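*Asks:* Pasting a structure here, questions to come.
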Amino acid sequence: MQSNQIYEQAVRHFLKPVLPLLDDATVSEILINGPEVVYFERAGKIHRSEIRFPSAAHLMAAVRNIAEYVNRSVDEDHHSMDARLPDGSRVHVIIPPAARQGAHVSIRKFQKATFDLDLLVARESLTAEAAEFLRLVVMLHKNTVISGGTGTGKTSMLNALSAAIDDDERIVVIEDSSELQLHQPHTVYLEMQPPRPDGRGEVTIRQLFADSLRMRPDRIIVGEVRRGEALDMIQSMISGHAGALTTVHANTPSDALTRLEVLCLMAGIDLPVYVARRQVASAIQVIVQIARLKDGSRRVQRISEVTGIDEQNIYQVQDLYRFRARGIKEGKVVGSLDAVGVRPSFADEPFETGLGDEVRLTRGLFQSPTD
């Protein structure tokens, strides 16, 4: 028996109380708030379970087993830990005394099905027309940011957009914790590594990004920008590495740009604010804004183009698609993601680059110069 199989059996043994939730394909997240309180997410809604762990010690044994699997520490000197279960599910742990009610374990379950834009259309996250537009955006190598709050489906959208990348492109994927599942054969996956208990061995996202630039990438995909690596990413975008994809936590397209600007300023380089802002405005071309609605559904709210900054040094963002809710029917938000009637600045590019045959539903936005 291989070591991974041994750890898988051990982890399942210690997490036995929540195995019904781990094995339920309809459950997307499991939230353990101490040994006696367990919540789970299904179809975008949070529910409380009757499940309990036998004791606080039993739950801590599960936590330590997970830590051992990923060779990380969670103890009085390390109050929290990011980890991964053997099946790829993402885990965050925080232990007492920082967590007053006992160990808190948040499990984001690994989705075995690969997302593509057609699947998101079937789930009504966006329309077929908007999906075609985003597919063309990726094929045209536009630098794209997926923006949204926690649990809005940013990683699923990133997976879906990546499916539009040609199979003959070399893709480098950089993540804090490996989640993305690309179907392209020439994909390299790089994962951040925290320091070992002795303080050595740390590999940061910034280091991996610097490595990726020396690996002859056609595309660089960063699972999420959270720190100063934003500056490295932005500068790579404006220096020839087009077609990058990433996600960021923000509630609007303008907030996403501001967030990236702030992260650039956290890079430890004496960079004037106006320079950071101009670089962000020059690098990012399309923003996909996602939100989770009251009914638990995850919808694309806006697809916007960044057109630069004005004389007052303010980001200029124009919506190309906007979601309009028409009400609630049988507990479900009813609405549609519609084009607002504005053509993107790159409207002629599909026909200039030989992608004119891909323009079907989006002829209102991508119009041939000869039409």
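-16 is the number that the working numbering gives to position 4 of the sequence shown; each next residue is one higher, with no gaps. Built from N, CA and C at the ideal position, the CB exists for glycine as well. If you're wondering where the values come from, they're calculated on a predicted model, not measured in any experiment.
1. Output the distance between the C-alpha atoms of Leu188 and Val168, rounded to the nearest integer angstrom.
2. For Phe346 and Asp62, I'd like the C-alpha separation in whole angstroms.
3. I need the boundaries of the alpha helix (DSSP H) containing Thr238, first residue and last residue.
4. Going straight from the alpha carbon of Val(-2) to that of Ile31, what length do you get?
5. Does the region 196 to 203 come into contact with the region 154 to 161, if we say contact requires no fewer than three beta-carbon pairs (one atom in each stretch) closer than 8 Å?
6. In this structure, does DSSP put His(-7) in helix, strand or coil?
7. Of all the options Ala263, Arg194 and Val266, which has the alpha carbon lying nearest to the alpha carbon of Ile151?
8. Could you give the first and the last residue of the continuous beta strand (DSSP E) run that contains Ile46?
9. Please determine, among Ser192, Ile87 and Ile249, the residue with the shortest C-alpha to C-alpha distance to Leu(-5).
10. Hey, Phe95 and Ala140: beta-carbon distance below 8 Å or not?
11. Assess, as a yes-or-no matter, whether the region 253 to 262 is touched by the region 104 to 124 under the definition of 3 or more beta carbon pairs within less than 8 Å.
12. Would you mind stating whether Gln265 and Glu241 have Cβ atoms separated by less than 8 Å?
13. So does the region 271 to 290 actually touch the region 312 to 325, counting three or more Cβ pairs closer than 8 Å?
14. Of all the options Tyr301, Asp3 and Leu245, which has the alpha carbon lying nearest to the alpha carbon of Arg206?
15. Thr342 to Ala111, Cα distance in whole Å?
16. Should Ile26 be labelled buried (16 or more other beta-carbon atoms within 10 Å of its own) or exposed?
17. Between which residues of its own chain and Gly181 is the CB-CB distance below 7 Å, once the five residues before and five after are set aside?
18. Is the beta carbon of Gln298 closer than 8 Å to that of Asp290?
19. Using the three-state DSSP reduction, which class does Asp299 fall into: helix, strand or coil?
20. For Ala23, is the classification buried or exposed, using 16 other Cβ atoms within 10 angstroms of its Cβ as the cut-off for buried?
21. Kindly indicate the opening and closing residues of the beta strand (DSSP E) around Ala271.
22. Which one or two residues does DSSP pair with Leu317 in a beta bridge?
23. Can you list, in chain order, the residues of its chain whose CB lies under 6 Å from that of Phe90, leaving out five sequence neighbours each side?
24. In whole angstroms, what is the alpha-carbon distance linking Met(-19) and Glu56?
25. What's the call for Arg340, buried or exposed, on a 16-neighbour Cβ count within 10 Å?
26. Leaving out the 5 sequence neighbours to the left and right, which residues in its chain are closer than 6 Å to Glu16 when beta-carbon positions are compared?
27. Determine the contact status of Val(-9) and Ile46, defining contact as a CB-CB distance below 8 Å.
28. For His166 and Thr226, I'd like the C-alpha separation in whole angstroms.
29. Can you give me the start and stop residues for the alpha helix (DSSP H) that Gln187 sits inside?
30. Please confirm if the region 305 to 320 is in contact with the region 265 to 277, defined as three or more CB-CB distances below 8 Å between the two stretches.
31. Jot down the residue ranges of each uninterrupted alpha helix (DSSP H) in the region 152 to 224, minimum 4 residues, whole runs only, in chain order.
32. At 4 residues or longer, what runs of the alpha helix (DSSP H) sit wholly inside the region 55 to 102?
33. Tell me which residue opens and which closes the alpha helix (DSSP H) that Val253 is part of.
34. Roughly how many whole angstroms lie between the Cα atoms of Leu211 and Thr130?
35. Can you look up Thr135 in the DSSP assignment and give me helix, strand or coil?
36. Quick check on this structure: which residue in Phe113, Asp98, Leu99 and Ala37 has the alpha carbon closest to the alpha carbon of His84?
*Replies:* With the structure as the only source:
1. Rounded to the nearest angstrom, the two C-alpha atoms are 12 Å apart.
2. Rounded to the nearest angstrom, the gap between the Cα atoms of Phe346 and Asp62 is 43 Å.
3. Counting along the chain, the alpha helix (DSSP H) containing Thr238 begins and ends at Pro233 to Leu245.
4. Straight-line Cα distance between these residues: approximately 7 Å.
5. Touching, yes, given that three or more Cβ pairs across the two stretches are closer than 8 Å.
6. When secondary structure is reduced to three states using DSSP, His(-7) falls in the helix class.
7. Considering only alpha carbons, the answer is Arg194.
8. For Ile46, no beta strand (DSSP E) segment is defined; the enclosing uninterrupted segment is the alpha helix (DSSP H) at Ala36 to Tyr49.
9. Out of Ser192, Ile87 and Ile249, Ile87 has the C-alpha closest to the C-alpha of Leu(-5).
10. In this structure, Ala140 lies closer than 8 Å to Phe95 by Cβ.
11. No, the region 104 to 124 is not in contact with the region 253 to 262.
12. Between Gln265 and Glu241, the gap from beta carbon to beta carbon reaches 8 Å or more.
13. Because the criterion of three Cβ pairs below 8 Å is met, the region 271 to 290 and the region 312 to 325 touch.
14. The shortest C-alpha separation from Arg206 is found at Leu245.
15. Roughly 10 Å between the two C-alpha positions.
16. An exposed status is given to Ile26, since fewer than 16 other beta-carbon atoms sit within 10 Å of its beta-carbon.
17. For Gly181, where only same-chain residues beyond five positions count, the Cβ hits under 7 Å are Gln173 and Pro175.
18. No, Cβ-Cβ distance for Asp290 and Gln298 is not below 8 Å.
19. In the displayed model, Asp299 falls within a strand according to three-state DSSP.
20. A residue is called buried when at least 16 other Cβ atoms come within 10 angstroms of its Cβ; Ala23 does not meet this threshold and is exposed.
21. Taken as a continuous stretch (DSSP letters only), the beta strand (DSSP E) holding Ala271 covers Val266 to Arg272.
22. DSSP lists Phe303 as partners of Leu317.
23. Asp67, Gly68 and Ser69.
24. In this prediction, Met(-19) has a pLDDT of 49, which is less than 50 and means its spatial position is unreliable; nothing more can be read from the coordinates.
25. Result: exposed.
26. Counting only Cβ-Cβ distances below 6 Å, and skipping sequence neighbours, we find Arg32.
27. For Val(-9) and Ile46, yes; Cβs fall inside 8 Å.
28. Near 19 Å, if we compare the C-alpha coordinates of Thr226 and His166.
29. For Gln187, the enclosing alpha helix (DSSP H) begins and ends at Ile185 to Leu193.
30. Yes: the two stretches touch, three or more of their Cβ pairs being nearer than 8 Å.
31. The qualifying runs are 185 to 193 and 209 to 217.
32. The qualifying runs are 97 to 102.
33. In the DSSP annotation of this structure, the continuous segment of the alpha helix (DSSP H) that includes Val253 starts and ends at Val253 to Ala263.
34. C-alpha separation (whole angstroms): 23 Å.
35. In the structure shown, Thr135 sits in a helix (DSSP, three-state: H, G or I).
36. Nearest of Phe113, Asp98, Leu99 and Ala37 to His84, Cα basis: Ala37.
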